[in-house]
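Q: One line per chain: the protein sequences are A and B, in this order.
Read in order, the letters of the first sequence are residues 144 to 480 in this note's numbering.
Read in order, the letters of the second sequence are residues 144 to 480 in this note's numbering.
Virtual Cβ for every residue (Gly too), placed ideally from N, Cα, C.
A quick note: this is a predicted structure, and the numbers were derived from the prediction, not measured.
Sending over a structure as structure tokens; questions will come in a sec.
Number of protein chains: 2
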Amino acid sequence: MRRSQITIKDIARRLSVSSSTVSRALRNHPDISIKTKKQVLCIASEFNYQPNGIAQSLKNMRTNTIGVIVPEIKHDFFPTALDGIEDVTYKAGYTIIVCKSNESYGREVLNTRALASNRIAGLIVSISQDTQNFDHFKSLINQNIPIVFFDRACNEIDSSKVLVDDFEGAFSAVNHLIERGYKRIAHLAGPKHLSISQSRLNGYLTALNKHNLPLRDELIIHGGLHRIDGRTGVKRLLTLEKRPDAIFAVNGPVQFGAFMQIKGEGYKIPEEIGIIGFSDDPISSLVDPPLSTVGQPAYEMGAAAANLLLEEINHKEDFFEPKIQILKTKLIIRQSS
Amino acid sequence: MRRSQITIKDIARRLSVSSSTVSRALRNHPDISIKTKKQVLCIASEFNYQPNGIAQSLKNMRTNTIGVIVPEIKHDFFPTALDGIEDVTYKAGYTIIVCKSNESYGREVLNTRALASNRIAGLIVSISQDTQNFDHFKSLINQNIPIVFFDRACNEIDSSKVLVDDFEGAFSAVNHLIERGYKRIAHLAGPKHLSISQSRLNGYLTALNKHNLPLRDELIIHGGLHRIDGRTGVKRLLTLEKRPDAIFAVNGPVQFGAFMQIKGEGYKIPEEIGIIGFSDDPISSLVDPPLSTVGQPAYEMGAAAANLLLEEINHKEDFFEPKIQILKTKLIIRQSS
DNA sequence: TTCGATACCGCAAACGATTGCATAAATTAA
DNA sequence: TTAATTTATGCAATCGTTTGCGGTATCGAA
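Structure (structure tokens):
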């Protein structure tokens, strides 16, 4: 026969006491005799009792689980950020549930609902490239489940956020390209509605402007945040009458796609085309040539987001003033620029 | 004031009916009048009712959640396997909870307990490199929570498993090195207690034997499965009086570590030292030189594991005969060998 | 001996959803 | 009109754990 996990009642029956007593013995309640407590603990360990977390959550109206939604985990940035989140939350006694949205709005909504129905204590999220409607997050906030965004945030929602200085990072990257002598610098930009796309585009524009370089619309290509978007972007750029001599990519995957495509078409990097990206995947330094990039403190971003969330979860008063934390990027110059 | 999610009772009160009626209306029970059902659905959507998943799980004594424990997600293999798991389980209406053990036994035990206490419907796991005791898994099985292992399995436990033909893959890799003319072939092996380490070592030994090459103990280095283990392994190999002319690494991360170390010390690949590994990370083809490797069907392994688990979850009878599925590897020859 | 304090324990009601059974109302058949 | 049947609903228990409240029993002090 299928036997399942033993419960507090089973222990109670065995010792001829009430389940209240067992519960109190297990939870170190003072109103319990040493003798009874010992007996309970003894039986509990003998039968390998483990409390039913579901019942506890139901009773307590809350869980010790923190939900995390990230767009993907195939590049280094999000796994590293997850490490930061994990280290902080585990120390505080929480477990995390990691969901991937796969850069899809629909999947993000499903994930959010599933997490809400499991009554997570809070949510840490970096939105998908397709997300333009934020009702699923607002609904969580209405249920008093706090949210912290990191990297890709939502402007419409007044919650805590952890960002990097996207403008400054982009500016310094493009500035660097210009100082190296590149003149026709293209930008593989992200979806227009994402604030990271906007800030990074602004950094690009400002750098061009500072050096009195003309702004050419055909050199700015808006696309997604996947590797494939880097490839298709480069394909288009290379069919232009006058091809660009350098490329600034909005993020790591796009930079890789661009890199692969440029290499595949036989152009020399950095002589014929220079390239620089955003986010420092370790593989950047392993490819040929090693790629220049704007390094983001992924681990620190995750940790910071987790700390902000815990702060909000533990906040007693009715109103919590959201905090926005902006971390610095770091220009890493290798041999692709 | 903090308001929280509305419940079945709230809807019932509002319509002056019992909560049973509301529940039945929401669950499409036949014994309900069309009029009442409409009213209920109307109120439910008006207030954005979402069932409390915890309460449902408690009542049903099971969840729609499948737990997954993987050692890491920083290399391509496990994220890709997760894609396979996800695609299959989502289609079947399950959500997955992904946990990382970070290759640590202690973390694996914690994860297993947390998942058990959340009464997952089943567990898919690839064990950590440090795991030698399997009581935490046996305990799950005692609670009737089915487990499927993939890639790194546990021999002691009689459950379903999805593996690759490690012996054959290793054999063909080393055979290939020998045919290329390499004579002193080292093996950066995994922890001795893991069956993948054993099978891959056996493949290595058999290939040497087939070609009458001597077995040299100093060329077999047992270590962990991290990148760092590849680096330290190579360091040791390069201090030998007669250094090896080729290296077969037990997995992807170790291969990368080895690759980086060899390059760092200035040896030419593949002329001075050839290298081949196990598992096909996309970055293998991007580095210089592109790396030869034994490709594993990561996505298919994940999907197969998920299918086996679903089969067992849906199995009605008392006893389920575990199935072991062995997938083929594929030798991918690039320029490092 | 009696009163008060303390220590220990059980009862029962929650938490939210589900479901077998009973019951009331409405409908049909006789 | 009455009996039999169908339809729609409510009651109450259940899942496992927690907890406020009340009740004994024990002990010390007066």
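1. Consult DSSP for A/Q398 and reduce its assignment to one of helix, strand or coil.
2. Can you give me, in chain order, the residues of the region 174-205 of chain B that have a beta carbon less than 9 Å from any beta carbon in chain A?
3. Rounded to whole angstroms, what's the CA-CA distance from A/G265 to A/F280? Just pull it up for me.
4. Checking contacts by CB at 8 Å: is A/N261 closer than that to chain B?
5. Note the first and the last residue of the continuous beta strand (DSSP E) segment covering A/K217.
6. Name the DSSP beta bridge partners of A/K243, please?
7. Can you look up A/R145 in the DSSP assignment and give me helix, strand or coil?
8. What would DSSP say about A/Q182, mapped onto helix, strand or coil?
9. Go ahead and label B/R295 buried or exposed: buried means 16 or more other beta carbons lie within 10 angstroms of its beta carbon, across all protein chains shown.
10. Taking any Cβ of chain A, which residues in the region 364-382 of chain B have a Cβ under 8 Å from it, in chain order?
11. Determine the direct distance from the alpha carbon of B/F462 to that of A/R145, and round the result to whole angstroms.
12. Classify A/K385 as buried or exposed, calling it buried when 16 or more other Cβ atoms lie within 10 Å of its own Cβ.
13. Where A/A350 and A/T255 are concerned, what is the direct C-alpha to C-alpha distance, given to the nearest angstrom?
14. Quick one: Cα of A/S161 to Cα of B/M204, how far?
15. Hey, out of B/V307, B/I426 and B/V231, whose CA is closest to B/L453's CA?
16. Count the C-beta pairs between the region 172-181 of chain A and the region 406-413 of chain A that are closer than 8 Å, then say yes if the count reaches three, no if not.
17. B/K152 lies in the alpha helix (DSSP H); which residues open and close that run?
18. Tell me which residues of the region 225-252 of chain B have at least one Cβ-Cβ distance to chain A shorter than 9 Å, keeping chain order.
19. Give me, in chain order, the residues of the same chain whose beta-carbon lies closer than 7 Å to that of A/K466; leave out the 5 immediate sequence neighbours on both sides.
20. Please classify B/G249 as buried or exposed, where buried requires at least 16 neighbouring CB atoms within 10 angstroms.
21. Taking C-beta pairs closer than 9 Å, name the residues in chain A that B/V430 reaches, listed in chain order.
22. If we define contact as Cβ-Cβ less than 8 Å, is B/Q468 a contact residue for chain A?
23. Closer than 7 Å between beta carbons: that is the criterion. Which residues of the region 277-298 of chain B meet it against chain A?
24. Return the bridge partner residues of B/Q468 from the DSSP annotation.
25. At 8 Å on the CB atoms, spell out the chain A contacts of B/R256, in chain order.
26. Helix or strand or just coil, what does DSSP make of A/V393?
27. With DSSP as the reference, label A/H172 as helix, strand or coil.
28. Does A/R370 come out as helix, strand or coil in the three-state DSSP assignment?
29. State the beta-bridge partners of B/T436 as determined by DSSP.
30. Let's see if you can read the secondary structure: which residues bound the beta strand (DSSP E) around B/H330?
31. If you run the structure through DSSP and keep just helix, strand and coil, what is B/L266?
32. Within 10 angstroms of its Cβ, does A/K217 collect 16 or more other Cβ (buried), or is it exposed?
A: The short version:
1. helix
2. N191, Q193, P194, N195, G196, I197, A198, Q199, S200, L201 and M204
3. Distance between the alpha carbons of A/G265 and A/F280: 11 Å.
4. yes
5. Segment: none, A/K217 is in no beta strand (DSSP E) and carries neither H nor E.
6. A/V213
7. In this prediction, A/R145 has a pLDDT of 45, which is less than 50 and means its spatial position is unreliable; nothing more can be read from the coordinates.
8. helix
9. buried
10. none
11. Residue placement at A/R145 is poorly supported in this model, since its pLDDT is 45, which falls under 50; the coordinates are not used for a value here.
12. exposed
13. 38 Å
14. 23 Å
15. B/V231
16. no
17. I151 to L158
18. L225, D226, E229, Y233, T238, I239, I240, V241, C242, K243, N245 and R250
19. S303 and L451
20. exposed
21. I426, L429, V430 and D431
22. no
23. S282, Q286 and N287
24. B/V305
25. Result: Q193.
26. coil
27. coil
28. helix
29. B/G420 and B/I475
30. I328 to A332
31. Strand at B/L266.
32. buried
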